[in-house]
Each structure stands twice: as C-alpha cells, then as structure tokens.
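Peer 1: One structure follows; several queries about it will come next.
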Amino acid sequence: MPRPAPGAPLLSATFSSLRTRNYRLFFFGQLVSMSGTWMQTVAQSLLVLSLSHSGSVLGLTVAARFGPLFLLGPQGGVIADRMDKQRVLYVTQFLSGVLACAFGVITQLGAMHVWIIYVLAVLLGLVEVFDTPVRQSFIPELVSDGQIGNAVSLNSVSGNLARVLGAAAGGAAAGALGLTLCFYLNAVSFAAVLATLAMMDKSAIRGRPPRPRAKGELRAGLRYVRRSPDLLVPLVMLTVAGTLAWEFQVTVPLIATDTFGGGASTYGIMTAAMGVGAIVGGLTAATRRPTGSRTRLPYAAIGWGLAIDFAALAPTRAVEYVALAFVGYGAITFNSMAKTTLQLAAAPEMRGRVMALWALGWQGSTPIGAPLVGRVGAAFGARFSLLAGGVPCLLMGIAVLAAVAPSRRARRERRAHLQPRVTTAPEAED
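In this text, residue positions in the sequence shown follow our numbering: the first is 11, and each later residue adds one.
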C-alpha cells in the first residue's frame, strides 16, 4: 500500500475547507472578483493622485468609500442576521459591478473629477454596508463548525492572492493600456461571483430561515458584545489597528511616489509584495487549530507593528519590497486570528451583527484614519504615515499582552490548586 507523501497530511489540513463544494465555489468566485477590485483600487489611487497631486485628497477619497460603513455598518449586520445571505449577495455584487462600469465610462470620456470619485466612492460604500457583513457571516453557513477557522483563513488567502494578481495586473494595465481598462475588468469580474452563487447547492447551506424585523436588534447585538470579553477585546484591537495601521491604500501610494519616486509599476510591485507575504501568512494561519489562547492576538499585533515600522525606515526600494512582504504577513495573521476568534465566539444568531462590528472597526474606521494618515504624510513625509500606524499597533499589542498575561497566570495557578493532590498511604506498623 503506497505511503502518503511526507507533507500530505499538512497540505490536506491546510485546504480542508475546499473539499466542501459550496465553499470551493465561494472561494474561487471571490478570488476572481477581488482580483478585479484590486485592479480598480490601484487605478483609482493613481487617478486621484494624477488629478489632485495630494495625499490628503487621496485619504479623503478612501474615507468617502468607507464613510457609509462607519455610519451604518451595524445596520448591515442586522440585515445579515435577518435575511437570506445568498439573495443579498446577488444584489450587492450586481450593484458593485454597475458602479465599476460607471467608473470606466466616465474615465474613458475624460470627464472624471475628484468630486465624481467622491460620489461613486460613497455609493460603493453604501453597497458594502450590506455586502461586507453578509459575505463574512456567510462563510460559516458553507462549512461545518470544525472547518470555520480554516475557511476564514483561506478566505483571507483568497483576498490576498487577489491582491497579488490584481495589483500586479492593475499596475501593468494602468501603465501600458491606461486606467480605464482596470475599471472595466473589475466590472466583468463580478460576474464570477454571481455565477458561483447560482451554482451552489442550496440544500447544503446551513443558513437560518429569514425572520421578520424585531425591535431592538441592534442594541441587543451591542449588549451581547459588551458582555463578552472574547468579542470585545479583539474588536477594540481591530478598531485601533484598522484606524491607523490598515491604511495602505493611502500609505503605499505615498511611499511609492514620494519616497522612492516611482509610478504605477512601483506601486503595483509594492502591493503585490504585501500580497505575497499575506498569502504565506494566510496559509500558515489555515494550518493552525484555534486554541482559545488570549495571547496570540497581542503577539500578532506586536509582530505586525514591528514590520510596519521596518517598512517605514527601509532605505532602498528593494528593502521596501521585502519589508512590505512582512507587513502583509503580519496583517493577515492578525486579522485572521481576530476574525476566527469572533466567528467561533459569536452565537450563530449574532454572527452578522458581530461581523458588522468587525467591518466597522477594521474598514469603517477608515474615514477617520485615512485622512489622518494622509495628513501626517503630507505634513511630515510618507515614512511618517507608516509610523503613524506601526507604533500604535506595537504599543497596543504590548499593552494587551501585559493585561492578559497576569490573568492567564492566575488561571493556571487556580487550575493547579483545584487538582487533587496525590498522597501516599502511611505504612502499616508491624
């Protein structure tokens, strides 16, 4: 009987969720769609810089996209918990494709202005208010409970593989064929998601039946999170990191153009380098089993903060590429751990609202963070825009670790105290 290859069990465990047909369809549909999204992200950032020549304006453009999520994000979570997620995704993905097409048409006609980008960004943000929590909370409905952690990590791998493919293709297409093509290709990419949603086996989706609207659902979700430290602490950490460290749509274009004097191709390579690191980080996370340890997340924050600070101080373009690969690894490690913790700790009927708060902290905080980081870059230089995220992330990880470590030690001592002591019986006297 042939023996399995030495790495076969590890490889099988890493990609175990892909054996589930519905999740496999979702994974590859997202890969195609998000590749197109990253092509548009590259094109939009370069378009804004070419129109405004301002890091602050670029930050405001990013903020316009995530502003609706900041204001309305929790409401999207209520919808995610109440409605059929597959049907919601049909609508949100179609609308996203329409908006990408609008970007392409207006750019091709030479009629694009910064204020139009603001409007389109806000409209896209309104769609993402509902799309983001639904997509995130849809994952546990496609796999078994034991595969949730693996599926969340692989979904992050898909997003970052898309970053590599989309950013590289976007930088190349923008430099050789113009920005318009990136917008049109993104519009077409949403057809992949619509097709894979239609191909899913509806009977195998573990969704809860749609239910009517009830009073106080949003407040109930907020109370639920506030009473659970396993949800509250990761969400607070995600909000700090999302506000200051996860602003690479602002910081990386500034580093590429202002610090190293590059253009579309340099920006594309930098984004792709982050994506490569993130893929490695995601695959590593997919092999780990959730342990319930409260120290993993602060350690991940510390490592990510150090990587960002290293990237901020990189002396040459080649060193910057390497540093950004570590930044990508750290980002996906931190975010995957946090999302897995939230998905497993949240009750099924609360997952949509919990993941809406994840989206609010991780992405919805951008309207505050992006202009702030962009202003720091404009005032002090692009390197300081990275330090504005790396230093707080590092300090946050140290602070949480210092708070968690004593309680962890106390729990160990309490368990040791409760264990029955083994005593030897006294010897009988002759």
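Cβ coordinates follow ideal geometry from the N, Cα and C atoms, glycine included.
A quick note: this is a predicted structure, and the numbers were derived from the prediction, not measured.
DSSP on Phe25, reduced to helix/strand/coil?
Peer 2: In the sequence shown, counting from the first residue as 1, residue 25 sits at position 15. It is coil, neither helix nor strand.
Peer 1: Between which two residues does the alpha helix (DSSP H) holding Ala197 run?
Peer 2: Here residue 197 corresponds to residue number 187 of the sequence shown, with the count starting at 1. Per DSSP, Ala197 belongs to the alpha helix (DSSP H) from 190–209.
Peer 1: Going by other Cβ atoms of all chains shown within 10 Å of its Cβ, with 16 needed for buried, is Thr350 buried or exposed?
Peer 2: Stepping through the sequence shown from its first residue, residue 350 is reached at position 340. Thr350 comes out buried.
Peer 1: State the start and end residues of the unbroken alpha helix (DSSP H) segment that holds Thr267.
Peer 2: Walking along the sequence shown from the start, residue 267 turns up at place 257. Run containing Thr267: none; DSSP gives neither H nor E here.
Peer 1: Alpha carbon to alpha carbon, how far is Thr51 from Ala201? Give it in angstroms, no decimals.
Peer 2: Numbered from its first residue, the sequence shown carries residue 201 at position 191. Numbered from its first residue, the sequence shown carries residue 51 at position 41. Taking the straight line joining both Cα atoms gives about 18 Å.
Peer 1: Three Cβ pairs or more, each shorter than 8 Å: is that satisfied between the segment 126–142 and the segment 191–210?
Peer 2: The segment 126–142 is not in contact with the segment 191–210.
Peer 1: Give the straight-line distance between the Cα atoms of Ala110 and Val42, rounded to the nearest whole angstrom.
Peer 2: By 1-based counting over the sequence shown, the position of residue 110 is 100. By 1-based counting over the sequence shown, the position of residue 42 is 32. So the alpha carbons of these two residues sit roughly 15 Å apart.
Peer 1: Flag this pair as touching only if the segment 79–92 and the segment 380–392 have three or more C-beta atom pairs under 8 Å; answer yes or no.
Peer 2: No, the segment 79–92 is not in contact with the segment 380–392.
Peer 1: Report the three-state DSSP secondary structure of Glu439 (helix, strand or coil).
Peer 2: Within the sequence shown, residue 439 is the residue found at index 429, counting from 1. Low per-residue confidence applies at Glu439: pLDDT is 42, beneath 50, and the placement is therefore not dependable enough to give any value.
Peer 1: With the cut-off set at 7 Å, would you say Trp6 and Phe344 are in Cβ contact?
Peer 2: The chain is shown only over 11 to 440; residue 6 falls outside these bounds and no answer can be derived.
Peer 1: By how many angstroms is the C-alpha of Leu397 removed from the C-alpha of Leu105?
Peer 2: What you label residue 105 is simply residue 95 of the sequence shown in a count that begins at 1. What you label residue 397 is simply residue 387 of the sequence shown in a count that begins at 1. Using only the alpha carbons, I get a separation of about 36 Å.
Peer 1: According to DSSP, is Ile215 helix, strand or coil?
Peer 2: Here residue 215 refers to the residue found at position 205 when the sequence shown is read from its first residue. Note: Ile215 maps to coil in three-state DSSP.
Peer 1: Where Met365 and Met122 are concerned, what is the direct C-alpha to C-alpha distance, given to the nearest angstrom?
Peer 2: Position 355 of the sequence shown holds residue 365. Position 112 of the sequence shown holds residue 122. Cα-Cα distance, rounded: 34 Å.
Peer 1: From the DSSP output, in three-state form, read off Glu79 for me.
Peer 2: For this step, residue 79 is matched to residue 69 along the sequence shown. The sequence given here places Leu at residue 79; Glu does not occur at that position. Helix.
Peer 1: Using a threshold of 7 Å, state whether the C-beta atoms of Ala310 and Met347 are closer than that.
Peer 2: Start at 1 with the first residue of the sequence shown, and residue 310 comes out as number 300. Start at 1 with the first residue of the sequence shown, and residue 347 comes out as number 337. Yes, these two residues count as a Cβ contact at 7 Å.
Peer 1: Considering Cα atoms alone, identify which of Gly273, Val250, Pro358, Gly156 is closest to Tyr234.
Peer 2: Indexing the sequence shown from 1 puts residue 234 at position 224. Taking only the C-alpha atoms, the option nearest Tyr234 is Pro358.
Peer 1: Please state the DSSP three-state secondary structure of Leu228.
Peer 2: Position 218 of the sequence shown, counted from the start, is the residue given in the question as residue 228. Correct three-state label for Leu228: helix.
Peer 1: Taking the alpha-carbon positions, what's the Ile408 to Thr190 distance?
Peer 2: Mapped onto the sequence shown, residue 408 falls at position 398. Mapped onto the sequence shown, residue 190 falls at position 180. Cα to Cα, the separation comes out at about 45 Å.
Peer 1: Rounded to a whole number of angstroms, what is the C-alpha to C-alpha distance between Ser26 and Thr294?
Peer 2: In the sequence shown, residue 26 corresponds to position 16, counting from 1. In the sequence shown, residue 294 corresponds to position 284, counting from 1. Those two C-alpha atoms are separated by around 13 Å.
Peer 1: Within the continuous alpha helix (DSSP H) that includes Val153, where are the two ends?
Peer 2: By one-based count along the sequence shown, residue 153 stands at place 143. Taken as a continuous stretch (DSSP letters only), Val153 belongs to no alpha helix (DSSP H), as it is neither H nor E.
Peer 1: According to DSSP, simplified to helix, strand and coil, what is Glu257?
Peer 2: Here residue 257 refers to the residue found at position 247 when the sequence shown is read from its first residue. The answer is coil: DSSP assigns Glu257 none of H, G, I, E or B.
Peer 1: Can you tell me which of Leu232, Asp155, Arg218, Ile342 puts its alpha carbon nearest to the alpha carbon of Gly83?
Peer 2: One-based indexing of the sequence shown puts residue 83 at position 73. Selected option, being the one with the closest Cα: Leu232.
Peer 1: Could you tell me which whole beta strand (DSSP E) segments of length 3 or greater appear in the segment 318–352?
Peer 2: Whole beta strand (DSSP E) segments, 3+ residues: zero.
Peer 1: Take Phe394 as the anchor and find which of Phe258, Arg298, Asp155 has the nearest alpha-carbon.
Peer 2: Numbered from its first residue, the sequence shown carries residue 394 at position 384. Closest option to Phe394, Cα to Cα, is Phe258.
Peer 1: Could you give the DSSP three-state label for Gln373: helix, strand or coil?
Peer 2: Locating residue 373 in the sequence shown gives position 363, counting from the first residue. DSSP places Gln373 in coil when its eight states are reduced to three.
Peer 1: Taking contact to mean 3 or more Cβ pairs, one atom from each stretch, closer than 8 Å, check whether the segment 168–175 and the segment 276–296 are in contact.
Peer 2: Cβ pair count under 8 Å is three or more, so yes.
Peer 1: Can you tell me whether DSSP reads Arg236 as helix, strand or coil?
Peer 2: Locating residue 236 in the sequence shown gives position 226, counting from the first residue. Note: Arg236 maps to helix in three-state DSSP.
Peer 1: Let's test the definition: count the other Cβ atoms within 10 Å of the Cβ of Pro325 and tell me whether it reaches 16, buried, or not, exposed.
Peer 2: Residue 325 sits at position 315 when you count from the first residue of the sequence shown. Exposed, because fewer than 16 other Cβ atoms sit within 10 Å of the Cβ of Pro325.
Peer 1: Given a threshold of 16 other Cβ atoms within 10 Å of its Cβ, counted over all protein chains shown, does Ser163 qualify as buried or as exposed?
Peer 2: The residue you call residue 163 lines up with position 153 of the sequence shown. Its Cβ being crowded by 16 or more others within 10 Å, Ser163 is buried.
Peer 1: Here's the rule: buried if 16 or more other CB atoms are within 10 angstroms of the residue's CB, otherwise exposed. What is Met247?
Peer 2: Along the sequence shown, one-based indexing puts residue 247 at 237. Buried is the call here.
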